[in-house]
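**Q** So the sequence lines, in the order shown, correspond to chains V and U. Add 16 to a position in the first sequence, counting from 1, and you land on the number used in our numbering. Add 16 to a position in the second sequence, counting from 1, and you land on the number used in our numbering. We treat Cβ as the ideally placed atom computed from N, Cα and C, and that holds for glycine. Predicted model, so just to flag it, every value in this text is computed and none were measured. Let me begin by handing over the structure; questions about it come next.
2 protein chains.
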Amino acid sequence: MADDLSGEDRLIARYFQPIATHPGALGLSDDAAFIKPPPGCDLVLKTDAIIGGVHFFPVDAADDVARKALRVNLSDLAAKGAKPLGFLLSLALPKETGDDWLGRFAEGLRDDAERFGCPLFGGDTDRTPGPITISIAMFGSVPEGTMVRRAGAKPGDRVFVSGSIGDAALGLALRKKTDMGAAWQLGDAEREHLRSRYLLPQPRNALAEAVRGHASAAMDVSDGLAGDFAKLCRASRVAAEIEVARVPLSDSAKAVLAAEPAMLETALTGGDDFEIVCTVPAGNAGSFRAAAKAADVAVSEIGEIKAGEGVRFVDSNGRALAFKRASFSHF
Amino acid sequence: MADDLSGEDRLIARYFQPIATHPGALGLSDDAAFIKPPPGCDLVLKTDAIIGGVHFFPVDAADDVARKALRVNLSDLAAKGAKPLGFLLSLALPKETGDDWLGRFAEGLRDDAERFGCPLFGGDTDRTPGPITISIAMFGSVPEGTMVRRAGAKPGDRVFVSGSIGDAALGLALRKKTDMGAAWQLGDAEREHLRSRYLLPQPRNALAEAVRGHASAAMDVSDGLAGDFAKLCRASRVAAEIEVARVPLSDSAKAVLAAEPAMLETALTGGDDFEIVCTVPAGNAGSFRAAAKAADVAVSEIGEIKAGEGVRFVDSNGRALAFKRASFSHF
Numbered sequence: 017m018a019d020d021l022s023g024e025d026r027l028i029a030r031y032f033q034p035i036a037t038h039p040g041a042l043g044l045s046d047d048a049a050f051i052k053p054p055p056g057c058d059l060v061l062k063t064d065a066i067i068g069g070v071h072f073f074p075v076d077a078a079d080d081v082a083r084k085a086l087r088v089n090l091s092d093l094a095a096k097g098a099k100p101l102g103f104l105l106s107l108a109l110p111k112e113t114g115d116d117w118l119g120r121f122a123e124g125l126r127d128d129a130e131r132f133g134c135p136l137f138g139g140d141t142d143r144t145p146g147p148i149t150i151s152i153a154m155f156g157s158v159p160e161g162t163m164v165r166r167a168g169a170k171p172g173d174r175v176f177v178s179g180s181i182g183d184a185a186l187g188l189a190l191r192k193k194t195d196m197g198a199a200w201q202l203g204d205a206e207r208e209h210l211r212s213r214y215l216l217p218q219p220r221n222a223l224a225e226a227v228r229g230h231a232s233a234a235m236d237v238s239d240g241l242a243g244d245f246a247k248l249c250r251a252s253r254v255a256a257e258i259e260v261a262r263v264p265l266s267d268s269a270k271a272v273l274a275a276e277p278a279m280l281e282t283a284l285t286g287g288d289d290f291e292i293v294c295t296v297p298a299g300n301a302g303s304f305r306a307a308a309k310a311a312d313v314a315v316s317e318i319g320e321i322k323a324g325e326g327v328r329f330v331d332s333n334g335r336a337l338a339f340k341r342a343s344f345s346h347f
Numbered sequence: 017m018a019d020d021l022s023g024e025d026r027l028i029a030r031y032f033q034p035i036a037t038h039p040g041a042l043g044l045s046d047d048a049a050f051i052k053p054p055p056g057c058d059l060v061l062k063t064d065a066i067i068g069g070v071h072f073f074p075v076d077a078a079d080d081v082a083r084k085a086l087r088v089n090l091s092d093l094a095a096k097g098a099k100p101l102g103f104l105l106s107l108a109l110p111k112e113t114g115d116d117w118l119g120r121f122a123e124g125l126r127d128d129a130e131r132f133g134c135p136l137f138g139g140d141t142d143r144t145p146g147p148i149t150i151s152i153a154m155f156g157s158v159p160e161g162t163m164v165r166r167a168g169a170k171p172g173d174r175v176f177v178s179g180s181i182g183d184a185a186l187g188l189a190l191r192k193k194t195d196m197g198a199a200w201q202l203g204d205a206e207r208e209h210l211r212s213r214y215l216l217p218q219p220r221n222a223l224a225e226a227v228r229g230h231a232s233a234a235m236d237v238s239d240g241l242a243g244d245f246a247k248l249c250r251a252s253r254v255a256a257e258i259e260v261a262r263v264p265l266s267d268s269a270k271a272v273l274a275a276e277p278a279m280l281e282t283a284l285t286g287g288d289d290f291e292i293v294c295t296v297p298a299g300n301a302g303s304f305r306a307a308a309k310a311a312d313v314a315v316s317e318i319g320e321i322k323a324g325e326g327v328r329f330v331d332s333n334g335r336a337l338a339f340k341r342a343s344f345s346h347f
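What follows is the structure, given as structure tokens:
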């Protein structure tokens, strides 16, 4: 009997075991892992995949790709008020993917697993004739019954959004047409800011506890603020008015919009923000601001929930904007 | 604001909501799901993907593909003694995949979700320039601390395997070279048996409780009995002797081996069996047999655990077989 490790076993031992730090992962030496959720807690479950040529550029550094794969899932946990516990990784690799790529990929994965407190519990690696495909299933915990939902917003609630909106969509536009940087008269730092916001999401997990403690509804902004927030309002069966002038923009995004005002639509509908949009009862707004400040995450109040249905984005003249397409969809 | 559902939302509402029957799935209307594991239980976690052209044939019926995607994961839960709770689905589809395929896929998924008691908790759908890629993350439960592991086999333990071994590997050989059926002088029913065992795994979830109650170690046989059982023995730091004549074979497999004895190696190392191999302390063997019988799953005793290392497959003359490759590996 051959007692040799297979290639797959070697790959796991070399690259992935160091990230499997939870005892229930059994050092990836078994067929499955186990975990006991914290007492009195629900488990929160999420899966999201990223695909080469679709969600990232094939030339992106492997460690950034790994981080992105984790972070798009971490962002959802943050918006649901959940604390990360760990993740499962399903990795499909073309045969030309070598050890260099895998080594850097594992490095990025390990760094973020440590940073966000979400060790690897198990995985699956396959060859594919298609592009690199990374599917993460992430699980976190919330005290029983406290997962923050899309449904729950009430008329009068204030609408908050974290960080800044539109950077990633503008960064993607810049990567697709690099000459836009010149047309927009951006400096190097501005270009780099936008590009990096597309390349590497900054999920707001530091805000999760504040969201859980104060928000009536929340979701992460991944497919565009306009479309995602419309989903939240539909789920809550409410309407909303958003003041476009209050939507937080980075200096880089402001520079783009100064040069080409029509890019506002891209900023509000383009997606890949991985910020949190949430609704907070008016009486909680002050303490939510304070909690966000304590967590060192910028939040901006951008509008108010109304009775009825539909979300209006109004400009400083009180006119409602019309978007060609409110959010990104693959289908 | 456009209040239209996106294409992705429609797809989810039409095909996948009916499978999301657990209240914590929130009808797939939120960004994440939640679940409270049964009191006193650990959650068991597993992910496995299947890819068109790699793990299934592009011409396979979509409902069979869906079942296979679920069952390769269910098989792991069974071997770990876990009861299925639910799953997350990450689906990457080429643009030519139409509603017909999706409808049948969802049908197969729903049937098996019901049959095995594992509703859909959430998912992610993407377009891919590559082949259909289906990644499942499945979770189950076991009473705290009782997940059956690869490590745990002790010298003197009896080795059992469920069902029959080799059918799927022979069925795959038959699909790759259909003229083998004639060479092997197989009847239609025999060919169909082998093909269907490759197409559609029959995971032994009915045996999970018996395994949990009696086995010292267990794993599912997915990459070939020889290689997988060698992994179990390595993890348990034991040796084993398997009597090849006692390895359970279907009548179809016996017919193939009668025509071409060299196919024995394919049967023992080819994989896709999705049976359970487990070790049972000698004193438990009788009650394990009885529990398996009560669960209506055939089990066969095929050998014994020894001190030392290495697994010997011995023929009826006591000679050890040598395999070119003990198990399937993608890498």
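Indicate whether at least one CB of chain V lies closer than 8 Å to the CB of F72(U).
**A** No, no contact with chain V.
**Q** Rounded to the nearest angstrom, what separates R305(V) and A298(V) at their Cα positions?
**A** Using only the alpha carbons, I get a separation of about 11 Å.
**Q** Using the beta-carbon count (16 or more within 10 Å), is A82(U) buried or exposed?
**A** Buried, by the Cβ-count rule.
**Q** Is it the case that the stretch 134-146 of chain V contacts the stretch 90-103 of chain V, given that we only count it when at least three CB pairs across the two stretches are under 8 Å?
**A** Output reads yes: the stretch 134-146 of chain V touches the stretch 90-103 of chain V.
**Q** Can you tell me which of T285(V), A323(V) and V330(V) puts its alpha carbon nearest to the alpha carbon of L186(V)?
**A** Here the closest residue by C-alpha is T285(V).
**Q** For K309(U), return the contacting residues in chain V, with the cut-off set at a CB-CB distance below 7 Å.
**A** Near K309(U) there are no residues of chain V at all, since even the closest Cβ is about 25 Å away, more than 7 Å.
**Q** So, is the C-beta of P147(U) closer than 8 Å to a C-beta in chain V?
**A** With 8 Å as the cut-off, P147(U) counts as an interface residue toward chain V.
**Q** Out of curiosity, what's the CA-to-CA distance linking R30(V) and L107(V)?
**A** Those two C-alpha atoms are separated by around 15 Å.
**Q** Can we say the stretch 53-69 of chain V touches the stretch 140-157 of chain V, given the rule of at least three CB pairs closer than 8 Å?
**A** They touch, by the three-pair rule.
**Q** Output, in sequence order along the chain, the residues in the stretch 30-50 of chain V whose CB is closer than 8 Å to any CB in chain U.
**A** Hits within the stretch, in order: G40, L42, S45, D46, D47, A48, A49 and F50.
**Q** Please list, in chain order, all residues of the same chain as R228(U) whose beta carbon is under 7 Å from its beta carbon, the five residues on each side excluded.
**A** Around R228(U): G97, V158, T162 and V164.
**Q** Looking only at its chain, what residues have a beta carbon closer than 7 Å to the beta carbon of G68(U), apart from the 5 residues adjacent to it on each side?
**A** So the list reads P74, P147 and I148, once near-sequence residues are dropped.
**Q** Label R335(V) either buried or exposed according to how many other C-beta atoms from any shown protein chain fall within 10 Å of its C-beta, with 16 as the threshold for buried.
**A** Looking at its Cβ environment, which holds fewer than 16 other Cβ atoms inside 10 Å, R335(V) is exposed.
**Q** Counting C-beta neighbours from all protein chains within 10 Å, is the total for A283(V) 16 or more, i.e. buried, or is it exposed?
**A** Buried, by the Cβ-count rule.
**Q** Which of the three DSSP states, helix, strand or coil, is assigned to S91(U)?
**A** Looking at S91(U) - three-state DSSP - the assignment turns out to be helix.
**Q** Who pairs with L107(V) in a beta bridge, going by DSSP?
**A** Paired residues: T141(V) and I150(V).
**Q** Quick check on DSSP: helix, strand or coil for P135(U)?
**A** In the structure shown, P135(U) sits in coil (DSSP, three-state: anything other than H, G, I, E or B).
**Q** Please list the terminal residues of the continuous alpha helix (DSSP H) segment that includes R26(V).
**A** Taken as a continuous stretch (DSSP letters only), the alpha helix (DSSP H) holding R26(V) covers G23 to L27.
**Q** Please list the residues of the stretch 53-80 of chain V that have a C-beta atom closer than 9 Å to any C-beta atom in chain C, keeping them in chain order.
**A** The structure shown contains no chain C; its protein chains are V and U.
**Q** Under 8 Å, with one C-beta from each stretch per pair, do the stretch 170-177 of chain V and the stretch 317-333 of chain V reach the 3-pair mark?
**A** Segments in contact, yes.
**Q** Quick one: residues in its chain with C-beta nearer than 6 Å to the C-beta of N300(U), no 5 flanking neighbours on either side, listed in chain order?
**A** Cβ neighbours of N300(U) beyond the five flanking positions: H230.
**Q** For a quick check, are the C-beta atoms of F223(U) and A311(U) less than 8 Å apart?
**A** The sequence given here has Leu at residue 223(U), not Phe. Against a cut-off of 8 Å, the Cβ pair of A311(U) and L223(U) comes out as a contact.
**Q** What first and last residue would you give for the beta strand (DSSP E) that runs through S316(V)?
**A** S316(V) -> beta strand (DSSP E) spans V315 to K322.
**Q** Taking only the alpha-carbon atoms, compute the straight-line gap between M17(U) and E317(V) and give it to the nearest angstrom.
**A** Residue placement at M17(U) cannot be trusted, given a pLDDT of 29 that sits under 50; what the coordinates show is reported in the next sentence. The straight-line gap from Cα to Cα measures roughly 19 Å.
**Q** Of all the options L273(U), G124(U) and E225(U), which has the alpha carbon lying nearest to the alpha carbon of K309(U)?
**A** That would be E225(U), whose Cα lies nearest to the Cα of K309(U).
**Q** May I ask you to list the residues that DSSP assigns as paired with P74(V)?
**A** According to DSSP, which records beta bridges pairwise, P74(V) is partnered with nothing at all.
**Q** For D19(V), which residues in the same chain have their Cβ closer than 7 Å to its Cβ, ignoring the five residues on either side in sequence?
**A** Residue confidence is low: D19(V) scores 36 on pLDDT, short of 50, so the model does not pin down where it sits. Its coordinate-derived value is still stated next. Excluding sequence neighbours, D19(V) sits near nothing in its chain.
**Q** At which residues does the alpha helix (DSSP H) containing T282(V) begin and terminate?
**A** Unbroken alpha helix (DSSP H) run through T282(V): M279 to T285.
**Q** For K192(V), which of F50(V), P39(V) and F72(V) has the nearest alpha-carbon?
**A** Among F50(V), P39(V) and F72(V), the Cα nearest to that of K192(V) is on F72(V).
**Q** Can you name, in chain order, every residue of its own chain whose Cβ lies under 7 Å from the Cβ of A338(V), other than the five neighbours on each side?
**A** So no residue of the chain qualifies.
**Q** By DSSP's criteria, E411(U) is part of a beta bridge. Which residues make up the other side?
**A** Residue 411(U) lies beyond the residue range present for chain U, which begins at 17 and ends at 347; the question has no answer from this structure.
**Q** Using a Cβ-Cβ cut-off of less than 9 Å, list which residues of the stretch 173-189 of chain U approach chain V; keep chain order.
**A** Within the stretch 173-189 of chain U, no residue has a Cβ that lies closer than 9 Å to any Cβ of chain V.
**Q** Apart from the five residues just before and just after L210(U), which ones in its own chain have a Cβ nearer than 6 Å to its Cβ?
**A** Hits under 6 Å: D183, L186, G187, L190 and S268.
**Q** Just to make sure I have the definition right: I need the residues of chain U whose C-beta is within less than 8 Å of the C-beta of E160(V). Which are they?
**A** Under the 8 Å cutoff, chain U gives K52.
**Q** Consider the Cβ of D204(V): report whether some Cβ of chain U lies at a distance smaller than 8 Å.
**A** False, the Cβ-Cβ gap to chain U never drops below 8 Å.
**Q** Under 9 Å, CB to CB, which of the residues in the stretch 274-304 of chain U have a partner in chain V?
**A** Listed by position, the residues of the stretch 274-304 of chain U near chain V (Cβ gap below 9 Å) amount to none.
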